[in-house]
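In the working numbering, each number is its position in the sequence shown, counted from 1, plus 119.
Okay, so here's the structure we're looking at.
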Amino acid sequence: MKKYVAILLTAILFSALCLTGCGGGNTLTLNVYNWGEYISDGSEGSFDTIREFEVWYEETYGTPVKVNYTTFASNEDMYNKISSGAVSYDVVIPSDYMIARMAEEGMLLPLDFNNIPNYQYIDEDFKSLYYDPNGQYTVPYAYGIVGVIYNANEVDVEDVGDWDLLWNDKYANKILQFNNSRDAFGMAMYKLGLDVNTTEEAVWDSAYEELAKQRPLVYSLVMDEIYNMMESGEAAIGAYYAGDYFTMKDAQAEDVDLKFYYPERTNYYVDAMCIPTCCENKELAEIFINYMLSEEPAIANAEYTYYASPNRLVYENEAYREEMGEEAMAVLNQHVEDFGAQFAVNAYRNLPRETLDYINTLWETVKIN
120 MKKYVAILLT AILFSALCLT GCGGGNTLTL NVYNWGEYIS DGSEGSFDTI REFEVWYEET
180 YGTPVKVNYT TFASNEDMYN KISSGAVSYD VVIPSDYMIA RMAEEGMLLP LDFNNIPNYQ
240 YIDEDFKSLY YDPNGQYTVP YAYGIVGVIY NANEVDVEDV GDWDLLWNDK YANKILQFNN
300 SRDAFGMAMY KLGLDVNTTE EAVWDSAYEE LAKQRPLVYS LVMDEIYNMM ESGEAAIGAY
360 YAGDYFTMKD AQAEDVDLKF YYPERTNYYV DAMCIPTCCE NKELAEIFIN YMLSEEPAIA
420 NAEYTYYASP NRLVYENEAY REEMGEEAMA VLNQHVEDFG AQFAVNAYRN LPRETLDYIN
480 TLWETVKIN
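In structure tokens, the structure reads:
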């Protein structure tokens, strides 16, 4: 009997040691939810941010960690998934107006900045903005401006300029539109000179009518699908986030010549890392956010995404600026000097629920027409 107990105890001890050493029961889990194409992922020899964090964490803390990294296509998709309560994430990276909504609805946890010392490298102009006025929920990740991407081999230069290009019937069935209500309505409202943050239903009705006029010309409603469609030449015109233009340009087909411009009025945005209330390991989430602000991953992510960074370790780095190239730096920095002023005027704001419900009703009608 004693011999059996000894053998059994030995087996249990061996199993426990194996679980610890092999990353079994003691392996920590971190669930990260981010936009598609929004992190350096190791492709084509790039820095693999998630894998490097896992290695760094185990070397630093002696405990293995597994990051489950998944992506969303729009702020609205992300919000719907988290608010459903069906999933749990530790770190999410929404845009400004959605952060404001989530904070207002009690969906975010205040950050312990003792665990995020690299926050010191974030430019002061990007701290405590309207969506987080007390600077307690967010760490800015990237910022940018929405612009228009077009194939110069199919679009006549005299037609280029402002938002009118996306309503030009000469390019019917070659135009792409955002597949989310906020950006689609925003485009129409900027075009018409309307307030994108109004609560007046009549103003939203005017934007709806403008989208209804455009709908027969639209080839497809897209989010990340825009990459393949623009790169291949399947579509010729689409509005998207400035950084993504360079990703598309790098992958464009031989017979495609992608160009980019900013309309006079457009969306200025900031995406930021935050921790939702469904988080299961807040300290680990904060350590991950701090790691994302450290020099190597921060530069790698900025280079991979082509998005502008509010991190001084990135934008003051000469090697980064050289790697990005003159065109990318010119486009990303075109409105940097007045970004704060433009952000205050043209950025989306959180809207009352009744307004959001009204917009969604109009949007569903747009989509089915």
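Virtual Cβ for every residue (Gly too), placed ideally from N, Cα, C.
In terms of alpha-carbon separation, which member of 425, 423, 449, 418 lies closest to residue 436?
418
Return the first residue and the last residue of the alpha helix (DSSP H) that residue 349 is part of.
345-351
Restricting to Cα atoms, I'd like to know which of 184, 166, 165 is closest to residue 174.
184
Look at the Cβ atom of residue 307, then the Cβ atom of residue 469, and state whether they are nearer than 8 Å.
no
Is the separation between the beta-carbon of residue 379 and that of residue 267 shorter than 8 Å?
yes
What is the DSSP secondary structure of residue 204, reduced to helix, strand or coil?
coil
Using the Cα positions of residue 399 and residue 147, report the straight-line distance between them to the nearest angstrom.
10 Å
With three or more C-beta pairs closer than 8 Å as the rule, is the stretch 290-304 touching the stretch 332-342?
yes
Distance between residue 403 and residue 182 (C-alpha atoms, nearest Å)
11 Å
Just how far apart, CA to CA, sit residue 372 and residue 272?
12 Å
Which residues mark the beginning and the end of the beta strand (DSSP E) in which residue 368 is found?
From DSSP, residue 368 is part of no beta strand (DSSP E) but of the alpha helix (DSSP H) over 361-369.
Proximal residues to residue 365 (C-beta, below 7 Å), its chain only, five neighbours per side dropped:
425, 447
Continuous beta strand (DSSP E) assignments of at least 3 residues falling wholly in the stretch 138-225
147-154, 184-191
Quick one, which of 360, 445, 263 has its alpha-carbon nearest residue 192's?
360
For residue 325, which three-state DSSP category applies?
helix
Distance check for residue 305 and residue 480, CA to CA, integer angstroms please.
15 Å
Closest by C-alpha distance to residue 383, when choosing among 177, 312, 202:
312
In this structure, does DSSP put residue 312 in helix, strand or coil?
coil
Is the distance from the Cβ of residue 387 to the Cβ of residue 326 below 8 Å?
no
So, helix, strand or coil for residue 306, using DSSP?
helix
For residue 401 and residue 180, I'd like the C-alpha separation in whole angstroms.
16 Å
Taking only three categories from DSSP, how would you classify residue 358?
strand
Which of the three DSSP states, helix, strand or coil, is assigned to residue 293?
coil
Run through DSSP, which three-state label would residue 120 get?
With a pLDDT of 37 at residue 120, under the threshold of 50, the modelled position of this residue cannot be trusted; read the value that follows with caution. It is coil, neither helix nor strand.
Looking at residue 382 and the ligand MG, is the gap between the Cβ and the nearest heavy atom below 7 Å?
With respect to the ligand MG, the structure offers nothing, as it holds no ligand at all.
Can you tell me whether residue 374 is helix, strand or coil according to DSSP?
coil
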